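Residue numbers (my numbering): 161 to 293.
A virtual CB, placed ideally from N, CA and C, is assigned to each residue, including glycine.
The structure presented is a predicted model; accordingly, all values stated were derived computationally and were not measured.
Notes for the one structure printed next.
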Ligand code: ZN
């Protein structure tokens, strides 16, 4: 069974912490040991795992990607958002997390983020929780 997380971004480029929403689905699944696959259903939004404690890290990552891939870098895509497509490919559309003792196995400072690169928009992340056999 696939489940979905709805994400609402508020600016063109930002990292949205979705850790709590993913943990809630893991808790409701009742799975004690397994994996949790996350997949962004978008071409201008990605999934990453990084520091969640200090929000300045999220802002630094979004700001650095903006400098790395400028909007006006001579792209040909008529929609005008090729920078967002390139950033999405750099960050990647998916992550797989380990479920242990009924919880996501994350380091102390780690959090799960939806990376918005062409917001603000409503987004969907597909979640597939698979139990050990
Ligand atoms: Zn486009």
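Three-state secondary structure assigned by DSSP to residue i
i           : result
residue 291 : strand
residue 229 : coil
residue 185 : helix
residue 283 : strand
residue 222 : helix
residue 212 : coil
residue 180 : helix
Limits of the alpha helix (DSSP H) - the one that residue i falls within
i           : result
residue 242 : 242-251
Supposed contact pair residue j and residue i - C-beta distance, whole angstroms, cut 8 Å
i           : j           : result
residue 221 : residue 272 : Not really, about 14 Å apart at Cβ, beyond 8 Å.
residue 283 : residue 169 : 7 Å
residue 246 : residue 164 : In fact, because the Cβ distance is near 26 Å, the residues do not count as touching under 8 Å.
residue 196 : residue 266 : The Cβ separation is near 11 Å, so there is no contact.
residue 276 : residue 211 : Contact flag wrong, Cβ pair sits at about 17 Å.
residue 186 : residue 264 : 6 Å
residue 248 : residue 203 : 6 Å
residue 289 : residue 167 : Actually they do not touch by this definition, with Cβ atoms about 18 Å apart.
Opposing strand residues paired with residue i [DSSP bridges]
i           : result
residue 191 : Looking at the DSSP assignment, residue 191 forms no beta bridge with any residue, so it has no partner.
residue 200 : 285
residue 272 : 209
residue 264 : 259
Span of the beta strand (DSSP E), counted from its first residue to its last, around residue i
i           : result
residue 259 : 254-260
residue 175 : 174-177
residue 168 : 162-168
- Item | Closer than 6 Å: residues whose CB approaches a heavy atom of the ligand ZN | 237, 239, 241 and 245
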